[in-house]
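Asker: Numbering (full-length UniProt numbering), first residue to last: 1 to 369.
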């Protein structure tokens, strides 16, 4: 088999959602590997051009996966490998906007699959959700065969729908697909915001001197997985022929308590504002998440390399280095300018003069990707 590095140097690779947190890190790694050509298709609806890798072999196409003209032009470039990472992201976002969620995550992947079939791609890697496709009845740690149809948000439903579509194209048209099930991704590159993951939001609020709002009791656990390890898994899915037609968990294989994560974020940032607790939302029913990565280890050769503590340190360093851009672009529902009453009630113990703070309908829960 071709050497790992040589393999990617011969390929034209399309990354939908390539300006996002995982996509941006994947593009950066592909560029470092010397990929022949990298196409990024991204609408920038929830990502930013300043946070995107640039280079002579990288071509950015600003466009939506629902845009036939942009898809047609992109696939005329004859990509060998497609990483489909573009998505309508987050559980609460899907609850608030279920029709948009279905259009992007359902019709969107169908369109991309149709074009991938027409040009005959060598590999189609789909970003599913390990936190979404396993239900309450699934046994811990979650194995790839434990998929549930008893789901709790439109996002979870459409992520499973995406897998059904990829499997359909594999079974009917021999499209060489692989389904990647991410578990609680985190790391450099994710800009905080209303519908983003909990770790970037916690770093943002901690650096603003705000208490960190945990939804639940804090004893809930998550299998947080460093973005660099997820990228390694994605590369292996394109490289290993044994992966074709299969689904793989890309997790860390370890449980971490939410309250311990919050305390670590406060310690790293020097935030003395502490922690607050709010009730979990109706859909937030999973108190534990843990992936079984045995199949990924055996078939792919996948092995997480970054400890949780080191990953949090790397994330904080990225926040410090990019703070001006992050603070400019972090999007939350409202800006509180008068925090006196909140302070009197003990909600904000160390507020700055003007701070962005989470609204109750934001996605500050750890139950996302």
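Backbone N, C-alpha and C fix where the C-beta goes; we use that ideal spot for every residue, glycine too.
1. Per the DSSP calculation, residue 256 is bridged to which residue(s)?
2. Taking only runs that begin and end inside the stretch 153 to 233, name each unbroken alpha helix (DSSP H) of 4 or more residues, in chain order.
3. Report yes or no: do three or more beta-carbon pairs, one from the stretch 300 to 320 and one from the stretch 161 to 173, lie closer than 8 Å?
4. Return the CA-CA distance between residue 240 and residue 300, expressed in angstroms with no decimal places.
5. What are the start and end residues of the beta strand (DSSP E) that includes residue 126?
6. Is it right to say residue 28 is buried, meaning 16 or more other beta carbons lie within 10 angstroms of its own, or is it exposed?
7. Contact defined as beta carbons within less than 8 Å: I believe residue 146 pairs with residue 134. What is the distance between those atoms, to the nearest angstrom?
8. If you run the structure through DSSP and keep just helix, strand and coil, what is residue 249?
9. Give a yes or no on whether the C-beta atoms belonging to residue 17 and residue 56 are separated by under 8 Å.
10. For the alpha helix (DSSP H) containing residue 117, name the first residue and the last one.
11. Exposed or buried, what is residue 49 when buried is set at 16 or more other beta-carbons lying within 10 Å of its beta-carbon?
12. Looking at the secondary structure, which residues open and close the alpha helix (DSSP H) in which residue 92 lies?
13. What does a CB cutoff of less than 7 Å around residue 44 pick up in its chain, not counting 5 residues either side in sequence?
14. Would a C-beta distance cut-off of 8 Å place residue 65 and residue 86 closer than the cut-off?
15. From which residue to which residue does the alpha helix (DSSP H) around residue 9 run?
16. Quick one: what does DSSP say residue 60 is sitting in, helix, strand or coil?
17. Looking at the structure shown, is residue 12 part of a helix, part of a strand, or coil, going by DSSP?
18. Would you call residue 343 buried or exposed, if buried means 16 or more other Cβ atoms sit within 10 Å of its Cβ?
19. Mind checking whether residue 250 and residue 181 have CB atoms under 8 Å apart?
20. Between which two residues does the alpha helix (DSSP H) harbouring residue 319 extend?
21. What's the C-alpha gap between residue 245 and residue 9?
22. From this set, 143, 117, 310, which residue's C-alpha is nearest residue 253's C-alpha?
Answerer: Straight from the coordinates:
1. 222
2. 154 to 173, 198 to 207
3. no
4. 6 Å
5. 123 to 129
6. buried
7. 6 Å
8. strand
9. no
10. 108 to 119
11. exposed
12. 91 to 96
13. 19, 62
14. yes
15. 4 to 9
16. strand
17. strand
18. At residue 343, the pLDDT of 34 sits below 50, so the modelled position is not reliable; the number obtained from the coordinates is stated separately. The residue is exposed, with fewer than 16 neighbouring Cβ atoms inside 10 Å.
19. yes
20. 308 to 321
21. 24 Å
22. 143
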